[in-house]
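Residue numbers (my numbering), protein chains in the order written: chain A, 1 to 110; chain B, 111 to 224.
This is the structure in structure tokens:
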């Protein structure tokens, strides 16, 4: 069945460092791909999405490119801030449901 | 718009008790979902609904029941609570199929079963 694999955390960075969180997927058909973010004590909220191969999603300085040849959707940000500290979930949308990865906790220190 | 609201925020249950987790959305979304999030794990789909009167099982439905009598409300019922149901529960909604559309999440209900 469909699945999503994310790199394990926590990822610990200093402010202004470069961020990469890896995400790979297995799916039949042509899924959409998403990154959701969960700030402490809150529900998940959509960070960015891509609906077809080679699409790039971007928001708040974060980017991810839908790579069909490597079945990947890695999240990147050039310069992280303390306020980016959160848990990041990669998700795959196929048929009626989303399938989530296990989440990666990011901790950014000043 | 309030978005997706959930009540209660926190609850402690004793083994064997029952309770209903409430979820409501004011965005006129067709699709609604219930997930559970266990520590260090991703979200697991419990039940979902594609419209009023229509519900279907997700990945982990055992021990839960749902109903969808209106577009706005999608309560989750726990019968005979067990420690394995200790988790954070999230309700979500979307305009249409999850394939293309953003799911909007509520703030969650933290449930402990002792």
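Virtual Cβ for every residue (Gly too), placed ideally from N, Cα, C.
Residues of chain A with CB closer than 7 angstroms to the CB of residue 151/B, please, in chain order.
Taking the first residue of the second chain as 1, we reach residue 151/B at position 41. The answer, in chain order, is 102.
Restricting to runs no shorter than 4 residues, where is the alpha helix (DSSP H) found entirely within the stretch 153-178 of chain B?
Secondary structure in the stretch 153-178 of chain B: no alpha helix (DSSP H) run of 4 residues or longer lies completely within the stretch.
State yes or no: is the C-beta of residue 219/B nearer than 8 angstroms to some heavy atom of the ligand NAD?
With respect to small molecules bound, the structure shown includes none, and the ligand NAD cannot be examined in it.
Using only alpha-carbon positions, find the residue among 20/A, 92/A, 5/A, 33/A that is nearest to residue 49/A.
As a position in the first chain, residue 49/A is number 49, starting the count at 1. Distance check between residue 49/A and each of 20/A, 92/A, 5/A, 33/A places 33/A closest, using alpha-carbon atoms only.
Given 8 angstroms as the limit, is there contact between the stretch 127-141 of chain B and the stretch 33-45 of chain A, that is, 3 or more CB pairs closer than that?
no
Among the candidates 122/B, 206/B, 112/B, 111/B, whose CA atom is the shortest distance from the CA of residue 198/B?
Numbered from 1 along the second chain, position 88 holds the residue referred to as residue 198/B. It is 122/B whose Cα lies nearest to the Cα of residue 198/B.
Let me make sure I understand the geometry here. Which of 59/A, 12/A, 55/A has the alpha-carbon closest to that of residue 65/A?
On the first chain, position 65 is the one that residue 65/A refers to. Out of 59/A, 12/A, 55/A, 55/A has the C-alpha closest to the C-alpha of residue 65/A.
Just reading off the beta strand (DSSP E) that residue 222/B is part of, what are its end residues?
Counting from 1 along the second chain, the entry for residue 222/B is found at position 112. Residues 219-223.
Leaving aside the five residues before and after residue 4/A along the sequence, list all residues of the same chain whose C-beta is less than 7 angstroms from its C-beta, in chain order.
Here residue 4/A corresponds to residue number 4 of the first chain, with the count starting at 1. Leaving aside the five residues that flank residue 4/A on each side, the residues in its chain whose CB is nearer than 7 angstroms to its CB run, in chain order, 23, 25, 90, 91, 92, 99, 100, 101.
Beta-carbon proximity check, residue 141/B vs residue 211/B, cutoff 9 angstroms
Translated into the one-based positions of the second chain, residue 141/B becomes position 31. Translated into the one-based positions of the second chain, residue 211/B becomes position 101. In this structure, residue 141/B sits near residue 211/B, with a CB-CB distance shorter than 9 angstroms.
Residues in the same chain with beta-carbon distance under 8 angstroms from residue 284/B, minus the five sequence neighbours each way, listed in chain order, please.
Here chain B comprises residues numbered 111 to 224, so residue 284/B is not present and cannot be evaluated.
If you draw a straight line from the alpha carbon of residue 78/A to that of residue 53/A, how long is it in whole angstroms?
For this step, residue 78/A is matched to residue 78 along the first chain. For this step, residue 53/A is matched to residue 53 along the first chain. The straight-line gap from Cα to Cα measures roughly 23 angstroms.
Beta strand (DSSP E) segments (min. 3 residues) lying fully within the stretch 176-216 of chain B
Taken in chain order, the unbroken stretches of beta strand (DSSP E) that lie wholly in the stretch 176-216 of chain B and span 3 residues or more are 186-188, 197-204.
Output needed in chain order: residues of the stretch 136-160 of chain B with a Cβ under 9 angstroms from some Cβ in chain A.
From the stretch 136-160 of chain B, only 141, 143, 145, 147, 150, 151, 152, 153, 154, 155, 158, 160 have a Cβ closer than 9 angstroms to chain A.
Of the residues that make up the stretch 82-99 of chain A, which ones have a beta carbon closer than 7 angstroms to any beta carbon in chain B?
89, 93, 94, 95, 96, 97, 98
When Cβ atoms are compared, which residues of the stretch 31-64 of chain A fall closer than 9 angstroms to chain B?
So the list reads 31, 32, 34, 36, 38, 41, 42, 43, 44, 45, 46, 49, 51, given in the order they occur along the chain.
Beta-carbon proximity list for residue 27/A, same chain, < 7 angstroms, skipping 5 on both sides
Here residue 27/A refers to the residue found at position 27 when the first chain is read from its first residue. Closer than 7 angstroms at the Cβ level, and outside the excluded window around residue 27/A, lie 2, 92, 94.
Cross-strand partners of residue 25/A (DSSP beta bridge):
In the first chain, residue 25/A corresponds to position 25, counting from 1. The partner list for residue 25/A (beta bridge, DSSP) reads 4/A.
Pull up the distance between the alpha-carbon of residue 118/B and that of residue 67/A, whole angstroms please.
Within the second chain, the letter at position 8 stands for residue 118/B. Within the first chain, the letter at position 67 stands for residue 67/A. Rounded to whole angstroms, residue 118/B to residue 67/A spans 41 angstroms at the Cα level.
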